[in-house]
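For the sequence shown, my numbering gives the first residue as 714, with consecutive numbering after it. Glycine included, every Cβ here is placed at the ideal spot set by N, Cα and C. Just so you know, these numbers come straight off a predicted model, no measurement behind them. The block underneath contains the structure these notes are about, expressed in structure tokens.
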Amino acid sequence: MIDLHCHIIPGIDDGSHNLEESIEMARSAYKLGYKEICCTSHYANGKYENIGYQEKFYELSKALEKEKILIKIHTGNELYLDPEGLKAVAEGKVNPMGNSNYLLVEAAVGMTSESLIKAIEKIIQLGYKPVLAHVERYFFLTINDVKKIEKLGVVLQVNLSSFSNSLKKRTRALLDKNVIHIVASDSHGSVKRNYENAATGLHELEKIAGKNRTKLLTEINPKRILEDCQIEGGGHEKEQDINSSFFSSFFGKFFRR
């Protein structure tokens, strides 16, 4: 699996406090099945501004190699969508996901569906492909609002833990309406909001969605994002639909030979 939303860089934001905690997080991530992690530290102007990010990213990368934890890490940020954040993106201060043009964003406090859409449109105008973080947490958005945002070409992400916590009803509704494209851990440490919470959510997701759709949301689409490619299926296919599209595609190619 590939985790596209994680606060594992030490001492940058409200995530990992130090290198030791980051290593512990990585061990838990690997145990759960993650092979790659995008290190999406918060970017919020005046609070979290990537000070020391590159140095600590490199330090973590070398530590994982030394500890023989076989996880590849990628740069990234989780952008707070206020006017200052949009300005920072225009100035090239915010890290997209790895070498792609996909950019993880989160709604600012007090936003409406209209103001969120305007901010997202600005991100698109700047040449980025928005990935909206933990969409299940935005109670100001209706299902129809989420669908409008999806039609803009936005990738919609939910947290694994939300399949098993107090948000599980809303998260399940989004899954049932086929408006979830990727799931991620949003891990912030080794104690609270950790990979153990994600593991419980992953178990619930597999029960609800099946192994094929879970793979689409946790591995296939995240990989496509890091490759800067269009996501497959948009997360819109149930397990039987994925199987059906695979076989029809295979036999279609076979009979065209």
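- Message: Distance check for N925 and N910, CA to CA, integer angstroms please.
- Response: 22 Å
- Query: Is H755 near the ligand HEM, judged by its Cβ being under 7 Å from some heavy atom?
  - Reply: The ligand HEM is absent from the structure shown, which contains no ligands of any kind.
- Task: Please classify D889: is it buried, with 16 or more other beta-carbons within 10 angstroms of its beta-carbon, or exposed?
- Result: exposed
- Those residues which DSSP pairs with P843 across a bridge: Partner(s): L816.
- Task: Pull up the CB-CB distance for L792 and L816, whole angstroms please, since I reckon it's below 8 Å.
- Result: 6 Å
- Hey, quick one: how far does the alpha helix (DSSP H) through A897 stretch, first residue to last? Premise fails: A897 lies in the beta strand (DSSP E), 895 to 897, not in any alpha helix (DSSP H).
- Query: Is the stretch 910 to 923 close to the stretch 862 to 882, with three or more CB pairs under 8 Å?
  - Reply: yes
- Query: Exposed or buried, which one is A846 when buried takes at least 16 other CB atoms within 10 Å?
  - Reply: Residue burial annotation: A846 is buried, with at least 16 other C-beta atoms found within 10 angstroms of its C-beta.
- Message: Nearest by alpha-carbon distance to Y761: which of D726, K748, N790, H894 is it?
- Response: D726
- Query: Near Y851, which residues of its chain fall below 6 Å by C-beta distance, leaving aside the five closest residues on each side in sequence?
  - Reply: Non-local C-beta neighbours of Y851 in its own chain, meaning closer than 6 Å and more than five positions away in sequence, comprise A820, ordered along the chain.
- Buried versus exposed call for Y766 [16 or more other C-beta atoms within 10 Å across all chains shown]: buried
- May I ask you to report which of helix, strand or coil DSSP gives L717? strand
- Going by DSSP, what residues sit across from N872 in a beta bridge? A897
- Query: Leaving out five residues before and five after E849 in sequence, what residues of the same chain have Cβ atoms less than 8 Å from its Cβ?
  - Reply: V871, N872, S875, L880, R883, T884, L887
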